[in-house]
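Data block below; observations after.
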Amino acid sequence: MPAQAWVTLVVGVVAAVGVIATWWQKNHADRRAEWWRRLSWAFDNALDEDPAKSSFGWLMVEHLGRSQLATKADDELLQKVAERWVNGDTDTSTMEESR
Numbered sequence: 090m091p092a093q094a095w096v097t098l099v100v101g102v103v104a105a106v107g108v109i110a111t112w113w114q115k116n117h118a119d120r121r122a123e124w125w126r127r128l129s130w131a132f133d134n135a136l137d138e139d140p141a142k143s144s145f146g147w148l149m150v151e152h153l154g155r156s157q158l159a160t161k162a163d164d165e166l167l168q169k170v171a172e173r174w175v176n177g178d179t180d181t182s183t184m185e186e187s188r
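Take the position in the sequence shown, starting the count at 1, then add 89; the result is the number in this note's numbering.
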């Protein structure tokens with residue numbers, strides 16, 4: 090096989106790998122964005138005055154927390170929010186003071 094054919098083959102393979110990597114990254118970012126949108130919706134329901142909505146919202150928060158899209162930092166955040174809510178500490182002024 091002549092050198093020019095090898096170069097063409099290598100360039101084609103590199104381009105294909107680049108396209109696949111870009112597609113994977115965009116797909117993952119889109120899925121994470123959708124996960125955050127759903128988590129926001131779940132928290133809106135979890136913090137609702139209606140007990141049925143609140144119960145359903147917490148169920149969804151728990152479910153989303155087990156998703157493979159949730160990072161370790163997401164897990165820690167969900168744990169802290171849940172702990173504060175269970176303890177009845179919903180005052181956000183203490184969070185501002187700790188910065």
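Heads up, the beta-carbon is just placed ideally off N, CA and C, and yes, glycines get one too.
Three-state secondary structure assigned by DSSP to residue i
i, result
"Met90", "coil"
"Asn134", "helix"
"Arg155", "coil"
"Phe163", "The amino acid occupying residue 163 in the given sequence is Asp; Phe does not appear at that position. In the structure shown, Asp163 sits in a helix (DSSP, three-state: H, G or I)."
"Val103", "helix"
"Asp119", "helix"
"Gly177", "coil"
C-alpha distance - residue i paired with residue j, whole-angstrom precision
i, j, result
"Arg188", "Ala171", "With a pLDDT of only 49 at Arg188, under 50, the local geometry of the prediction cannot be trusted, and the value read off the model is given with reservation. Distance between the alpha carbons of Arg188 and Ala171 is about 20 Å."
"Leu148", "Val96", "55 Å"
"Ser129", "Pro91", "58 Å"
"Gly177", "Leu136", "12 Å"
"Asp119", "Val99", "30 Å"
"Leu167", "His152", "11 Å"
"Ala159", "Glu165", "10 Å"
Candidates the options: closest to residue i by CA position
i, options, result
"Arg127", "Lys142, Gly146, Val103", "Gly146"
"Phe132", "Gly101, Val150, Ala105, Ser156", "Val150"
Residue-chain proximity (residue i, chain B), Cβ-Cβ < 9 Å
i, result
"Ile109", "Among the protein chains of the structure shown there is no chain B, as only one such chain exists."
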